[in-house]
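J.: Have a look at this one.
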Amino acid sequence: QVQLVESGGGLVQPGGSLRLSCAASGSISGWNAMGWYRQAPGKERELVARFISDGSTNYAGSVKGRFTISRDNAWKMLYLQMNSLKPEDTAVYYCHIEDYYRTNFWGQGTQVTVSS
353 QVQLVESGGG
363 LVQPGGSLRL
373 SCAASGSISG
383 WNAMGWYRQA
393 PGKERELVAR
403 FISDGSTNYA
413 GSVKGRFTIS
423 RDNAWKMLYL
433 QMNSLKPEDT
443 AVYYCHIEDY
453 YRTNFWGQGT
463 QVTVSS
């Protein structure tokens with residue numbers, strides 16, 4: 353089992369920056385993908401950025417060039433650097449891991465609000 357805990361959300365003005373962190377604990381035998389999703393009010397949860405086990409990285413088109421996903425070498429911490437934030441980035445951001453057996457693990461989410 354894996355536990356994921358996000359932190360770093362908050363209120364920021366348009367054009368500002370935030371860095372989200374996700375602490376992973378527990379153990380898995382392997383993983384297929386790990387990354388960040390978000391869900392805005394009245395909308396479906398959507399992919400923001402993720403690492404794939406083949407070494408590739410995916411970004412949503414709406415955040416490409418503004419957001420950067422990174423991790424520590426032990427794969428125990430996952431980060432999302434968000435720059436040039438826009439009001440439409442307002443959402444609850446979730447950390448996610450899909451393990452080798454395609455079991456999905458989610459954090460509790462952290463609120464990001466972009467507003468002047």
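In this note's numbering, the protein residues as written are 353 to 468.
In this text, a Cβ means the ideal position worked out from N, Cα and C, and glycines have one as well.
Check whether the Cβ atoms of leucine 372 and glycine 459 lie closer than 8 Å to each other.
T.: The residue labelled residue 372 in the question sits at position 20 within the sequence shown. The residue labelled residue 459 in the question sits at position 107 within the sequence shown. Cβ atoms of leucine 372 and glycine 459: not closer than 8 Å.
J.: Under a three-way DSSP split, which group does glutamate 396 fall into?
T.: Within the sequence shown, the letter at position 44 stands for residue 396. If DSSP states are grouped into helix, strand and coil, glutamate 396 belongs with coil.
J.: Would you list, in sequence order, the uninterrupted beta strand (DSSP E) runs of no fewer than 3 residues that lie entirely inside the region 424–449?
T.: 429–434, all fully within the region 424–449.
J.: Where does tyrosine 452 sit, in a helix, a strand or coil, going by DSSP?
T.: Residue 452 sits at position 100 when you count from the first residue of the sequence shown. Tyrosine 452: coil per DSSP, three-state reduction.
J.: Starting from glutamine 463, trace the beta strand (DSSP E) in both directions and tell me its first and last residue.
T.: For this step, residue 463 is matched to residue 111 along the sequence shown. From DSSP, the beta strand (DSSP E) with glutamine 463 extends over 462–466.
J.: Under 8 Å between the Cβ atoms of serine 414 and alanine 385?
T.: Taking the sequence shown and counting its residues from 1, one reaches residue 414 at position 62. Taking the sequence shown and counting its residues from 1, one reaches residue 385 at position 33. No, Cβ-Cβ distance for serine 414 and alanine 385 is not below 8 Å.
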